[in-house]
Amino acid sequence: MIQFTLKCDKDHRFDSWFKSAAAFDALAQAGHLSCAVCGSSSVSKGIMAPRVTTGKQDAPSKPDVSKSTSVAVLSEPQTEVEKAISALRKKVEASSEYVGTDFVKQARAMHAGEVPERSIYGEARLDQAKALADEGVRLMPLPFRPKRSTQ
Numbered sequence: 006m007i008q009f010t011l012k013c014d015k016d017h018r019f020d021s022w023f024k025s026a027a028a029f030d031a032l033a034q035a036g037h038l039s040c041a042v043c044g045s046s047s048v049s050k051g052i053m054a055p056r057v058t059t060g061k062q063d064a065p066s067k068p069d070v071s072k073s074t075s076v077a078v079l080s081e082p083q084t085e086v087e088k089a090i091s092a093l094r095k096k097v098e099a100s101s102e103y104v105g106t107d108f109v110k111q112a113r114a115m116h117a118g119e120v121p122e123r124s125i126y127g128e129a130r131l132d133q134a135k136a137l138a139d140e141g142v143r144l145m146p147l148p149f150r151p152k153r154s155t156q
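Residue 156 is where the sequence shown ends in my numbering, and the numbering goes up by one at each step.
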């Protein structure tokens with residue numbers, strides 16, 4: 006595992022763990038990374054200081070996690086922002102239908118009155134979302150990537 010400091014095009018900085026440097030590169034190239042603060046998909050590695058041990062001093066001992074009562078789990082939100090985004094995700098997923106890449110088509114059809122209105126979420130490119138907004142379709146970007154449906 007390797008930890009990278011990442012930054013988005015709006016200069017938000019955050020850390021994330023990856024299986025390897027190649028895994029980061031593959032995820033970045035596929036567009037599967039997004040800013041933990043604003044959701045921007047333009048994410049790159051930030052400047053990082055390497056952790057180097059010279060061997061002159063004893064390395065600090067690792068904490069015994071079996072005796073610890075506050076072990077941080079990477080998949081659980083830690084900061085107030087992460088907790089708020091997690092709560093928003095749960096609310097959206099519980100009260101809306103995931104339509105995937107059909108989002109633009111479904112949103113237009115609802116706006117035109119061709120199908121009944123309902124709460125949906127899905128995926129759209131930035132240019133598609135701007136076109137929908139220009140047409141008067143009410144929408145908002147989500148600060149997280151939708152979990153892809155396994156259906």
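Yeah, the Cβ is synthetic: ideal placement off N, Cα and C, and Gly gets one too.
Burial state of residue 40, where buried means 16 or more other Cβ atoms lie within 10 Å:
Residue 40 comes out buried.
Near residue 109, what residues of its chain come up, given a Cβ to Cβ distance below 6 Å and the 5 sequence neighbours on each side ignored?
129, 133
With C-beta atoms as the reference, is residue 97 less than 8 Å away from residue 147?
yes
For residue 13 and residue 47, the rounded distance between their alpha carbons
5 Å
Which of the three DSSP states, helix, strand or coil, is assigned to residue 11?
The answer is strand: DSSP assigns residue 11 an E or B state.
What's the call for residue 127, buried or exposed, on a 16-neighbour Cβ count within 10 Å?
Under this definition residue 127 is a buried residue.
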